[in-house]
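Residue numbers (our numbering): 2 to 686.
The beta carbon of each residue, even a glycine, is placed where N, CA and C say it ideally should be.
Note that the coordinates shown come from a computational prediction; the quantities given were computed from them, not determined experimentally.
One structure is given here, and the rest of the page talks about it.
Quick look at the structure:
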């Protein structure tokens with residue numbers, strides 16, 4: 002269990018209430034020898050220096066110990082004391098998810114790059130090697146302290162190590178990191194008796210500790226000096242002011258050894274059973290179900306949805322858990338209680354998470370657990386819909402729809418919705434992964450992924466939303482493949498292809514578009530088929546393969562012609578005009594631009610008509626028809642002017658000015674340029 006840092010313990014005789022106040026964290030206490038050794042290891046000569054070589058990489062310190070030993074707290078305290086020595090900041094990342102699975106390297110590297118403000122170096126779809134290299138590049142020339150918590154093994158740490166010798170990495174793990182060169186380990190046991198008693202006193206208050214110091218030492222012995230176990234026993238004493246410290250020691254001794262915890266995990270398991278057994282039934286159920294909270298953090302609304310109880314009952318339970326040492330608060334931005342402030346979040350300490358999952362498996366039926374998870378995910382979907390809607394609160398119809406939502410789901414402004422989305426993003430992404438991996442909630446999973454994708458697009462810029470959307474579309478593809486849903490497969494492949502194309506991976510995008518076409522044809526969906534055909538054509542156009550691009554655009558056009566979709570016909574005729582022009586096939590280009598202009602005229606689409614006429618004028622000039630080109634260009638200018646689109650009119654005029662200059666009419670060219678300057682002043686004004 003990680004305990005809060007930066008707070009010195011209260012000594013016996015200090016004025017305390019006998020129970021840790023709600024939201025208060027346990028103090029960091031003891032570990033003076035370990036801190037001194039770790040600080041000395043930073044400057045200690047390494048193997049490279051001894052051999053006469055310059056140190057090629059950062060120094061790596063390891064804090065090793067079992068969960069509950071206070072290993073994270075020690076690492077955080079070390080980081081707090083060293084942060085002034087690392088002016089470029091402290092980066093933190095947890096390498097194991099709340100459910101005990103290792104965090105993929107790409108997620109960790111991407112999160113660290115975001116903290117460094119280097120998201121541009123992490124395009125959507127980049128693989129692990131690219132992201133690890135980008136991270137090392139972003140750290141070059143910086144002096145950063147990186148804290149990697151709960152590392153599952155050396156293979157999860159080594160790729161993240163900076164090549165910058167001025168950086169420092171502090172890793173936290175259960176055991177040695179064999180494979181990381183020149184790592185400096187510090188292995189933790191239990192706390193010494195004096196600081197362990199201080200920790201117990203923080204929760205229980207000084208009176209009972211002072212009157213029976215022998216019993217306090219007995220509790221420390223039963224807990225093997227483990228900070229996490231001591232916090233839970235202290236919380237139990239705080240919740241039972243009439244119980245003595247001797248009662249706590251006796252009860253710990255009498256508790257049976259939990260199944261599977263016969264080894265050194267026994268003290269923490271016994272302490273949890275002591276604390277858990279004192280909870281009312283509803284609170285005990287809420288605590289067990291918190292093991293289902295994605296990525297760990299949860300608020301009262303999440304707890305309420307999991308347990309099917311009122312929000313007020315869930316909030317009271319969460320605050321009680323904090324006071325008992327069963328939960329810790331997670332800092333959130335903003336002032337609590339202020340208008341639009343985000344609700345407080347709480348997290349199960351990492352050392353307790355597997356024990357609570359075991360309790361959930363042995364106490365609750367699988368159907369009850371599935372229902373709780375479905376309730377939680379359904380609430381997330383509704384809140385994501387509200388989050389997306391908040392981006393359009395300027396629209397009266399959107400405001401009316403939002404006003405019909407229950408008050409806890411509403412966001413007062415787009416800014417608050419964006420803050421919520423950013424602060425909850427790790428948990429929201431974890432919820433999406435959880436829903437997909439569950440296998441029994443595929444309909445809910447698709448709704449959740451869709452809602453999250455749309456919310457990201459509504460509130461975050463494309464370069465920031467793209468990487469997360471890439472992972473979400475992969476999840477949709479997993480569900481669609483598992484459930485044999487070709488239309489959903491096609492949509493996911495098209496979205497992934499678009500993100501690949503935006504990141505410059507055109508050939509990879511082309512492969513996805515071809516797969517999407519196969520799935521669209523299997524589904525018999527004309528829209529998905531048309532979109533796939535056009536995407537394939539666009540990819541070939543990007544690759545400079547004009548012949549194949551024109552062929553695929555023509556296939557898309559034929560499908561649109563059979564369906565009488567005039568607007569799409571006009572657009573595709575224009576694309577064909579562009580591609581044939583790139584290929585130097587100006588006759589074909591002119592024919593297609595004319596067809597595009599005719600379709601736009603029928604649609605009364607003035608901007609589209611102006612663009613098509615401008616393209617036709619260019620083709621006419623290339624074909625040696627200068628007078629026709631000038632007439633068509635003038636017609637394009639007039640059409641753009643009538644459309645009211647100043648930017649379009651300026652672009653068409655400048656294109657005509659270039660043609661006039663090439664054809665020996667500099668006065669005419671200058672007239673159009675002057676008109677553009679006047680328009681530019683008008684637009685800016």
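**Q.** Contact check, residue 80 vs residue 146, beta carbons under 7 Å
**A.** yes
Q) Expressed to the nearest angstrom, what Euclidean distance is found between the alpha-carbon atoms of residue 71 and residue 160? A) 26 Å
Q) Below 8 Å, can you find three or more Cβ-Cβ pairs linking the region 87–107 to the region 191–210? A) no
(Q) Whether or not the region 182–201 and the region 215–229 are in contact is what I'm after, with contact meaning three or more pairs of Cβ atoms, one per stretch, closer than 8 Å; do they touch? (A) yes
Q. Can you tell me where the alpha helix (DSSP H) with residue 311 in it begins and where it stops?
A. Following the DSSP letters along the chain, one finds residue 311 in no alpha helix (DSSP H), marked with neither H nor E.
Q | Residue environment, residue 295, which counts as buried when at least 16 other CB atoms sit within 10 Å | A | Result: buried.
Q. How about residue 348 and residue 298: are their beta carbons less than 7 Å apart?
A. yes
Q: May I have the straight-line CA-CA distance separating residue 547 from residue 293, to the nearest angstrom?
A: 53 Å
Q: Could you name each continuous alpha helix (DSSP H) segment of 4 residues or more that falls completely within the region 53–123, going from the start of the chain to the end?
A: 72–83 and 106–116
Q) Are there 16 or more other CB atoms within 10 angstroms of the CB of residue 345, so buried, or fewer, so exposed? A) Buried, because 16 or more other Cβ atoms sit within 10 Å of the Cβ of residue 345.
Q: Use the C-beta contact count for residue 663: other C-beta atoms within 10 angstroms, 16 or more gives buried, fewer gives exposed.
A: exposed
Q: Would you list, in sequence order, the uninterrupted alpha helix (DSSP H) runs of no fewer than 4 residues that lie entirely inside the region 452–497?
A: 463–483
Q) Going by beta carbon distance, what residues of the same chain come within less than 7 Å of residue 610, once the five residues before and after it are set aside? A) 598, 601, 602 and 640
**Q.** Nearest-angstrom Cα separation, counted from residue 376 out to residue 648
**A.** 50 Å
Q. Identify the residues that DSSP records as bridge partners of residue 346: which are they?
A. 331
Q) Are at least three pairs of beta-carbons, each pair with one atom in the region 651–663 and one in the region 612–630, less than 8 Å apart? A) yes
Q | Per-residue burial, residue 44 [other beta carbons within 10 Å of its own, 16 or more giving buried] | A | exposed
Q) Does the beta-carbon of residue 615 have 16 or more other beta-carbons within 10 angstroms, so that it is buried, or is it exposed? A) buried
Q) With distances taken from CA atoms, which of 576, 151, 669 and 558 is nearest residue 351? A) 151
**Q.** Separation of residue 61 from residue 243, as counted between CA atoms
**A.** 48 Å
Q: Starting from residue 187, follow the alpha helix (DSSP H) in both directions and report where the run begins and ends.
A: Where residue 187 is concerned, there is no enclosing alpha helix (DSSP H), although the beta strand (DSSP E) it sits in stretches over 185–188.
Q: Report the three-state DSSP secondary structure of residue 173 (helix, strand or coil).
A: strand
Q. For the candidate residues 568, 469 and 301, whose alpha-carbon lies nearest to that of residue 433?
A. 469
Q) Taking the C-alpha atoms as reference points, what is the distance between residue 309 and residue 212? A) 44 Å
(Q) Taking the straight line between their C-alpha atoms, what separation do you get for residue 166 and residue 323? (A) Their backbone Cα atoms lie some 40 Å apart in a straight line.
Q) Of the choices 33, 268, 29 and 108, whose alpha-carbon is the least far from that of residue 74? A) 29
Q | C-alpha distance - residue 238 paired with residue 419, whole-angstrom precision | A | 42 Å
**Q.** Close beta carbons around residue 364, own chain, < 7 Å, minus the five adjacent residues each side
**A.** 289
(Q) As a quick exercise: from 504, 511, 520 and 257, pick the residue whose alpha carbon is nearest that of residue 486. (A) 520
Q) Around the C-beta of residue 678, are 16 or more other C-beta atoms found within 10 angstroms, so that it is buried, or is it exposed? A) exposed
Q) Going by beta carbon distance, what residues of the same chain come within less than 7 Å of residue 627, once the five residues before and after it are set aside? A) 664.
(Q) Given a cut-off of 7 Å on the beta-carbon distance, is the pair residue 573 and residue 553 in contact? (A) No, the pair does not count as a contact, with Cβ atoms beyond the cut-off.
Q: Could you say which of 579, 500, 214 and 411 lies nearest to residue 245 if we only look at CA atoms?
A: That would be 214, whose Cα lies nearest to the Cα of residue 245.
(Q) For residue 279 and residue 241, which I take to be in contact (beta-carbon distance under 8 Å), what is that distance rounded to the nearest angstrom? (A) 7 Å
Q: Look up residue 299 in the DSSP assignment and say whether it is helix, strand or coil.
A: strand
Q | Within 7 Å, strictly: CB atoms of residue 403 and residue 415 | A | no
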